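Note that numbering that gives the first Met the number 0 has the sequence shown beginning at 0, numbered continuously upward.
Ideal Cβ positions, reconstructed from N, Cα and C, are used throughout, including at glycine.
Since the structure is predicted, the reported quantities are computational estimates derived from the model, not experimental observations.
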Amino acid sequence: MTGRVSGNATRHSSGRRRRHVLGRLGIRRRMWRDAAHLIRCGPPMKIRHWLAFPLLALSANCSAPDDSAHPREIGQLGQALFAAAHEADVAEPLLYAITSIEDGFDEPLHRSPDPNAEAPQAGPFHLRHGKLDSLEAAARIAGVSELALREDTALAARAGAKLLAEVLARHGASVPVAAVAAPDRVEWASVKAALAEWSGYSDSWHQSDYATRVLGVLARGGEYRNGEGELFNFDAMPVPPALLVGEPKPVELLALVAELEGAELFPMNPNVTGKFLAGRDGYSVDTLIVHDTEGGWEGAVSTFQNQGSTSVHYLIGKDGRLAQFMPEADTGYHCGNRIYNRRSIGVEHVGFTLLGTWSWPMMWLRSVGMPYFAASLANTIALFAYCASGKGRCAKPTCSTPIERRL
């Protein structure tokens, strides 16, 4: 997983290459000017004054994409979903509805995923290590490693559809391909129960909410076009209206209060241990480390709720939605470096680095607004830098070496 780090740094001795550091003069004036550009255009390749954001595959300007190219109507991902539906005998509209909720229509057919990603996800359904470990189970069905499944989106779609058929069967339900023409035999209440398990969330309310949203998309039908111009459309299916009404959030969830205004505090699976360390072992927080999920919101939330030895404090969606998973006073496992974990707040941006979807303006508006972002700017040597592969690849913390780009 990729990451971006802000923290204390010092200048190297003469003879070493110059570091971009925060100057003492003109900080406030330049800070607001550059922050405005950051929010409007996304992080630039190079900033000479107070902020450095080395990035991969990010345009140097804010120009809109070229709309002159003719869009492709049915492309490789559509063909993969069609093949997956017929191979597993699961109605294609149901696969489309799940892909829509997972924001998986932009999934590239072939990826080079980071083997050390903290929230690994695969295929258009974003198979993951949730309470239902769909990533492990689908890899078993396909007879390949999890990494191989993450590399091949079409394979992940086929294996995921077969796993979905198994989950539906466990709940006494099925939505076969034939149900598109003859939906009257579908046991929709059982389908909703199966989708709740499929979500991978650790608590029953978020499981049910996920299932309600999937059925809502299925009941409406829809048309989607991804960034490559590929068109996905499907007709609505007659889901009973009663199943489209969500349940009120229970008192125990309403009682959870996040530390940042507007954030939702997600409970972690109480049966999973070793997700973080209590306290900071005497260290004070002076660093904000920003990673990207290389996957979607749903998959990231369920992973951080359930996967052991992996934790971040906050997750930020492309619309600015904010989730908290653990207290800021405790140490998360996100950098792969004990010292920086002790000193930092871990933040995940939802999206993909190479697709440029991790740097939506609302994400950075949220990150810039965090108290620890402002605190790092007060340091004359605060520096943001890019950790190429996230976990395990943060620079070694020494008194003379700044956090630097590691490729």
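So for residue i, helix, strand or coil by DSSP?
i	result
residue 48	Note that residue 48 scores a pLDDT of 27, beneath 50, so its modelled location is shaky; the value from the coordinates is reported in the next line. It is coil, neither helix nor strand.
residue 95	helix
residue 220	coil
residue 280	coil
residue 172	coil
residue 215	helix
residue 121	strand
residue 209	helix
residue 272	coil
residue 64	Only weak support is given to the placement of residue 64: the predicted model assigns it a pLDDT of 39, under 50, and the value that follows is read from those uncertain coordinates. Three-state DSSP puts residue 64 in coil, outside helix and strand.
residue 309	coil
residue 331	strand
residue 285	coil
residue 247	coil
residue 199	coil
Sort out for me which residues DSSP pairs residue i with in a bridge.
i	result
residue 151	109
residue 263	322
residue 232	222
residue 128	132
residue 314	322, 347
State the Cα-Cα distance for the pair residue i and residue j, rounded to the nearest angstrom.
i	j	result
residue 283	residue 331	14 Å
residue 91	residue 343	44 Å
residue 164	residue 328	42 Å
residue 198	residue 237	22 Å
residue 78	residue 144	23 Å
residue 220	residue 141	29 Å
residue 30	residue 297	Residue confidence for residue 30 is low, a pLDDT of 42 falling below 50, so the modelled location carries little weight; the figure read from the coordinates is stated next. Each residue's alpha carbon lies about 33 Å from the other.
residue 208	residue 278	33 Å
residue 80	residue 294	18 Å
residue 173	residue 134	21 Å
Determine whether the beta carbon atoms of residue i and residue j lie at a separation below 8 Å.
i	j	result
residue 176	residue 85	yes
residue 292	residue 299	yes
residue 211	residue 253	no
residue 118	residue 324	no
residue 104	residue 225	yes
residue 346	residue 287	yes
residue 99	residue 216	yes
residue 87	residue 121	no
ask   = Looking at C-beta atoms only, is the number of pairs between the region 110-122 and the region 145-162 that lie closer than 8 Å three or more?
value = yes
Q.
With a threshold of 8 Å, are at least 3 pairs of Cβ atoms found where one atom belongs to the region 257-268 and the other to the region 97-108?
A. no
Any contact between the region 241-251 and the region 202-210? By contact I mean 3 or more CB pairs, one from each, below 8 Å. yes
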